[in-house]
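Please read the structure below before turning to the comments.
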Amino acid sequence: MKQQAATVADHSAIAAAAAILEEGGLVAFPTETVYGLGADAENPAAVARIYQAKGRPNDHPVIVHVAPGAALDYWVTDIPPEARQLVDAFWPGPLTLILKRASHIPDAVSGGQDTVGIRCPSHPVAIALLSAFKGGKGGVAAPSANKFGNVSPTTAQHVRDEFGLDAHDDGATDGEACSGALLSTVLEGGASQVGIESTIVDLSRLATHGPVLLRPGHISAQQIADVIGALPAAPDQAAPRASGTLESHYAPHTPVTMLAQAELTAVLAQLQARGVKVALISHALPALPQSQCMLPADPAGYAYGLYAALRDMDQTGSDLILVESPPQGAQWLGVNDRLRRSVFGSAGIIASLLNN
Ligand code: TXA
Ligand code: MG
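Number 18 in UniProt numbering belongs to position 18 of the sequence shown; there are no gaps in the numbering.
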């Protein structure tokens with residue numbers, strides 16, 4: 001597992017970042033799941049800058065991040081008891097709730113839908129930023145701090161890599177490149193401890209659809225059922241669109257394929273005999289003679305290391321990233337969901353590499 005020896009943002013860096021947000025600027029900040037690219041959720045021009053910096057279609061809704069103890073009814077309406085129960089059980093933490101939005105939430109945040117995603121993160125730097133911003137009464141709209149479709153960042157360096165910023169860019173100077181001009185402040189917070197995005201539960205249509213699990217994550221469907229007494233269902237056709245649910249997402253530039261251990265060893269030998277350069281992400285297979293990243297064989301440890309592994313293996317100049325399929329099962333749902341999306345579009349890649 002990689003640990004970043006980062007100096008965590010101090011009080012003055014956090015105060016400066018809160019001021020930038022209040023002026024309508026963008027700030028990247030750590031959360032326990034992944035780093036977010038934040039803007040004042042009540043300032044439509046600021047939210048528009050997020051879309052511009054990410055290169056993201058502007059009908060995609062973003063999550064509003066609030067400080068611990070924030071007034072939920074300022075942001076959302078028709079709050080069912082289940083929402084309060086989940087807030088009490090899991091906030092601050094990696095759970096996003098979709099609820100009916102309050103009328104003052106800009107369309108730019110909700111993607112024009114009548115709902116909004118809201119979450120209170122547990123990372124101390126995120127909490128400090130949200131508490132400083134508008135005296136703790138504001139909301140920070142923030143998607144993951146990556147270019148649209150790319151792997152989400154789990155360190156401040158990943159964010160700088162995504163947006164072409166120098167390590168010393170800390171808000172004091174303007175970034176150089178086009179997106180750097182929009183984003184110049186990245187708050188340090190070390191490596192995100194969860195490593196994959198928050199669990200999203202839609203409670204906005206409880207009466208007709210029950211709770212719906214829009215995105216699996218560290219907090220499992222069973223943990224949610226234990227609190228509200230109902231297991232969230234998978235999204236149906238009518239569920240509002242979540243960009244993390246697009247088939248192709250979380251994708252490195254190198255094609256990614258997943259294979260079970262037995263098949264993987266044989267395919268790897270064939271590929272190497274052909275001179276194909278393969279980078280391997282494994283959790284059980286022992287070290288093999290090529291670029292390799294070994295992740296822990298438990299779901300939390302695996303999730304923690306997954307995005308950094310994809311980024312590292314993407315840097316090896318390989319023709320293919322081969323992932324040893326992780327175990328199935330409820331605890332592995334989040335990891336398998338992200339991997340399934342990162343392999344999207346790579347079907348047939350092994351055959352074509354072998355035939356070249
Ligand atoms: O862990 C996380 O949730 C991270 C950190 C930064 O908090 N954020 C994150 O944001 O993953 P993003 O934008 O990359 O993914 C948020 C997902 C998207 O798939 C978006 O479509 C969905 O949440 N979403 C937001 N508001 C929604 C709404 N009103 N209805 C349905 N989906 C919504
Ligand atoms: Mg994202």
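A virtual CB, placed ideally from N, CA and C, is assigned to each residue, including glycine.
Just so it is clear, the structure is predicted and the values come from calculations on it, not from any experiment.
Following the continuous beta strand (DSSP E) through residue 374, name the residue where it begins and the one where it ends.
There is no way to answer for residue 374, as the model of the chain reaches only from 1 to 356.
Considering F133, what are the terminal residues of the beta strand (DSSP E) in which it resides?
Note, F133: premise wrong, no beta strand (DSSP E); not H, not E.
Is there contact here, the segment 52-59 with the segment 122-133, by at least three beta-carbon pairs under 8 Å?
The segment 52-59, when compared against the segment 122-133, does not touch it at the 8 Å Cβ threshold.
Whole angstroms are fine: how far does the CA of P286 sit from the CA of Q292?
If you take the alpha carbons of Q292 and P286, they lie about 10 Å apart.
Would the segment 93-102 and the segment 196-212 be scored as touching if the rule is three or more Cβ pairs under 8 Å?
The segment 93-102 is in contact with the segment 196-212.
Does the Cβ of G152 lie closer than 7 Å to at least one heavy atom of the ligand MG?
Inspection of the sequence shows that residue 152 is occupied by Ser rather than by Gly. S152: yes, Cβ under 7 Å from the ligand MG.
Would you give the residue range spanned by the beta strand (DSSP E) that D202 belongs to?
Where D202 is concerned, the enclosing beta strand (DSSP E) stretches over 199-202.
Which partner residues of H65 appear in the DSSP bridge assignment?
Beta-bridge pairing links H65 to R119, V140.
Which whole-angstrom value is the C-beta distance of K101 and V116, which I expect to be below 8 Å?
At residue 101 the sequence reads Arg, which differs from the Lys that was named. With a Cβ gap of about 4 Å, R101 and V116 count as contacting.
Out of curiosity, what's the CA-to-CA distance linking E42 and L187?
Spanning the two alpha carbons is a distance of roughly 21 Å.
For V140, tell me which candidate among Q331, P30, R84 has the shortest Cα-Cα distance.
Per the Cα distances, P30.
Less than 7 Å separating the Cβ of E197 from some heavy atom of the ligand MG?
Yes.
Should V76 and I118 be called a contact, given that it needs their Cβ atoms to be closer than 8 Å?
Their beta carbons are under 8 Å apart, which means V76 touches I118 by this criterion.
May I ask which residues mark the beginning and end of the beta strand (DSSP E) holding R101?
Run containing R101: 95-101, per the beta strand (DSSP E) assignment.
Give the DSSP-derived three-state secondary structure of K288 in the structure shown.
Rather than Lys, the amino acid found at residue 288 in this sequence is Leu. L288: coil per DSSP, three-state reduction.
Using only alpha-carbon positions, find the residue among A142, Q85, Q270 that is nearest to V47.
Nearest C-alpha to V47: A142.
Where does L295 fall in DSSP's three states?
DSSP places L295 in coil when its eight states are reduced to three.
Comparing C-alpha positions only, which one of P106, A251, D298, Q331 sits nearest to L320?
It is A251 whose Cα lies nearest to the Cα of L320.
Which residues does DSSP list as the beta-bridge partners of T77?
The partner list for T77 (beta bridge, DSSP) reads K100.
Short of 7 Å in beta carbon distance, which residues of its chain neighbour M258, apart from the five on each side in sequence? Order them along the chain.
Counting only Cβ-Cβ distances below 7 Å, and skipping sequence neighbours, we find V323, S325, L339, V343.
Under 8 Å, do S184 and Q331 count as touching if we go by C-beta distance?
No.
What does the Cβ neighbour count give for S122, buried or exposed, with the cut at 16 atoms within 10 Å?
That one is buried.
Which of helix, strand or coil does DSSP assign to Q237?
Below a pLDDT of 50, predicted positions are generally treated as unreliable, and Q237, at 48, falls in that range; the measurement from the model is reported next regardless. If DSSP states are grouped into helix, strand and coil, Q237 belongs with coil.
In terms of DSSP beta bridges, what is E324 paired with?
L259.
Could you check whether the Cβ of S342 sits closer than 7 Å to any heavy atom belonging to the ligand MG?
Flag unset: Cβ of S342 not near the ligand MG.
Is F344 helix, strand or coil by DSSP?
F344 falls in the coil class under three-state DSSP.
Could you name the residues of the same chain whose beta carbon sits closer than 7 Å to that of A15, not counting the 5 residues immediately before and after it, in chain order?
Excluding sequence neighbours, A15 sits near A132.
With hydrogens ignored, establish whether the beta-carbon of S192 is closer than 7 Å to any heavy atom of the ligand MG.
Outside the cutoff, so no.
Taking A207 and L37 to be in contact with their CB atoms under 8 Å, please state how far apart those CB atoms are, rounded to whole angstroms.
Their Cβ separation, rounded to whole angstroms, is 34 Å, which puts A207 and L37 out of contact at 8 Å.
Span of the beta strand (DSSP E) holding T185?
Counting along the chain, the beta strand (DSSP E) containing T185 begins and ends at 183-186.
Does the beta-carbon distance from L353 to L264 come in below 8 Å?
No; because the gap between Cβ atoms is not below 8 Å, this pair is not in contact.
Taking all protein chains shown into account, do 16 or more other C-beta atoms lie within 10 angstroms of the C-beta of G69, making it buried, or fewer, making it exposed?
Classification for G69: exposed.
Whole angstroms are fine: how far does the CA of Y74 sit from the CA of S110?
So the two alpha carbons sit approximately 15 Å from each other.
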